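S.K.: One structure is given below, represented as structure tokens, and several questions about it will come after.
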Amino acid sequence: MVMEELPSWARSVLGNDGAERIESAIADAESRTSGEIVPLLVRRSSTVGHVPLVSFTLLLLCVFLSDLPAHLAELGGPYLAWLGACWGLAGGLALGVSRLDAVQRLLTPRIDQMRQVDLRAQLEFYELEMSQTQDRTGILLLVSRMEHRAVVLADHSIAEKLDAKVWQELVDLMIQGVKRGDLAAGMTQAIQRCGELLSPHFPIASDDINELRDHLVVKE
């Protein structure tokens, strides 16, 4: 994937050559296993329509608790004019800060984030037709940027051979990459480890067919 094709938010977390490094890791891992590894980066999974209203309410609360309009009125001008200005300022600030990942993450309940990222992974698994591989060996590595969460979802054949607990190592690698500002390294390490885990159970065959493209999928 060419970096120019990526949205700006994805380029900011992947770096200049992040997509190429990830896709190289996929090709290397799949040279040793028949598993079909698909890394997916999404901007967010959670609904955040509530964030501007909550932000506005909290900012207004700060205005009234500090009695800011009254203090400003002491400097000159009618109280109601300053009150209206504070309302307008709170509204503008709320719209601005509600776009920030950190604010969206803070104002969205953690349990909702976990649930919605898990649901997004399940939805994308089927939308990307990962359940359609001949031997049911698709495995999805999803990172949801806003929530700082990752999910690994494997198809039936892999799930029968490997316990779901082994995927926590991959999740940890991806999340560590997010937190240290090097998502590409985190995803690359997770893909490499995924190949190591799969190869003993699903070795590459001489007539192996690459059923899913070896590229990073990026979605909003």
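The sequence shown begins at 6 in the working numbering and counts up one residue at a time.
A virtual CB, placed ideally from N, CA and C, is assigned to each residue, including glycine.
Note that the structure is predicted; figures quoted are calculated from it, not measured.
Could you tell me the boundaries of the alpha helix (DSSP H) in which SER162 lies?
M.R.: First-last of the alpha helix (DSSP H) with SER162: 161-166.
S.K.: Assign GLY93 to one of two classes, buried (16 or more other C-beta atoms within 10 Å of its C-beta) or exposed (fewer than that).
M.R.: When all chains shown are included, GLY93 counts as exposed.
S.K.: For a test of the three-state rule: what should DSSP assign to ASP213, helix, strand or coil?
M.R.: DSSP places ASP213 in coil when its eight states are reduced to three.
S.K.: Have a look at the DSSP bridge pairing and note the partners of GLU41.
M.R.: Note: GLU41 sits in a beta bridge opposite GLY143.
S.K.: Can you give me the start and stop residues for the alpha helix (DSSP H) that VAL56 sits inside?
M.R.: Looking at the DSSP string, the run of the alpha helix (DSSP H) that includes VAL56 is 56-71.
S.K.: Assuming GLU28 and HIS220 make a contact with CB atoms under 8 angstroms, what is their CB distance in whole Å?
M.R.: That belief holds up - the Cβ atoms of GLU28 and HIS220 are roughly 5 angstroms apart, short of 8 angstroms.
S.K.: For THR138 versus GLU41, is the C-beta spacing smaller than 7 angstroms?
M.R.: Cβ distance < 7 angstroms, so THR138 and GLU41 count as in contact.
S.K.: Counting pairs of Cβ atoms below 8 angstroms between the region 198-208 and the region 166-177, do you hit three or more?
M.R.: These segments touch.
S.K.: Can you grab the Cα-Cα spacing for the pair GLY89 / ILE31, in whole Å?
M.R.: Approximately 56 angstroms between the Cα atoms of the pair.
S.K.: Compute the beta-carbon to beta-carbon distance between GLY182 and ALA190, rounded to the nearest angstrom, for a pair I have assumed lies under 8 angstroms.
M.R.: Sure, about 5 angstroms apart at Cβ, within 8 angstroms.
S.K.: Nearer than 6 angstroms: is that true of the beta carbon of LEU221 relative to any heavy atom of the ligand NAD?
M.R.: With respect to small molecules bound, the structure shown includes none, and the ligand NAD cannot be examined in it.
S.K.: I need the straight-line Cα distance from THR38 to THR52, nearest angstrom please.
M.R.: Each residue's alpha carbon lies about 37 angstroms from the other.
S.K.: For GLY23, is the classification buried or exposed, using 16 other Cβ atoms within 10 angstroms of its Cβ as the cut-off for buried?
M.R.: Classification of GLY23: buried, given that the 10 Å Cβ count is 16 or more.
S.K.: If you count every other CB in all the chains shown that lies within 10 Å of the CB of ASP127, and 16 or more means buried, which is it?
M.R.: According to the sequence shown, residue 127 is Gln rather than Asp. So GLN127 ends up on the exposed side.
S.K.: Could you tell me whether the Cβ atoms of MET179 and ALA155 are closer together than 7 angstroms?
M.R.: Result yes, Cβ atoms of MET179 and ALA155 sit closer than 7 angstroms.
S.K.: How is the beta strand (DSSP E) around VAL223 delimited, first residue to last?
M.R.: Element bounds for VAL223: 222-224.
S.K.: Between which residues of its own chain and VAL59 is the CB-CB distance below 6 angstroms, once the five residues before and five after are set aside?
M.R.: Correct list, in chain order: LEU112.
S.K.: Rounded to a whole number of angstroms, what is the C-alpha to C-alpha distance between LEU45 and VAL223?
M.R.: Whole-angstrom Cα-Cα distance: 6 angstroms.
S.K.: With three or more C-beta pairs closer than 8 angstroms as the rule, is the region 64-77 touching the region 130-150?
M.R.: With a cut-off of 8 angstroms, the region 64-77 and the region 130-150 do not count as touching, because too few Cβ pairs lie within range.
S.K.: Among SER149, SER162 and LEU70, which residue has its Cα nearest to the Cα of TRP14?
M.R.: Of the candidates SER149, SER162 and LEU70, the one whose C-alpha sits nearest the C-alpha of TRP14 is SER149.
S.K.: For GLN118, I'd like the list of residues in its chain whose CB is within less than 6 angstroms of its CB, leaving aside the five on either flank, ordered along the chain.
M.R.: Correct list, in chain order: SER51 and GLU152.
S.K.: Return the chain-ordered list of same chain residues with a C-beta closer than 6 angstroms to the C-beta of GLU225, the five sequence neighbours on each side being excluded.
M.R.: If we look at GLU225 and ignore the five residues flanking it on each side, its Cβ neighbours are ARG48.
S.K.: Sort LEU124, HIS161 and ARG110 by Cα distance to MET227 and report the nearest one.
M.R.: Any question about residue 227 goes unanswered here, given that the chain covers just 6 to 225.
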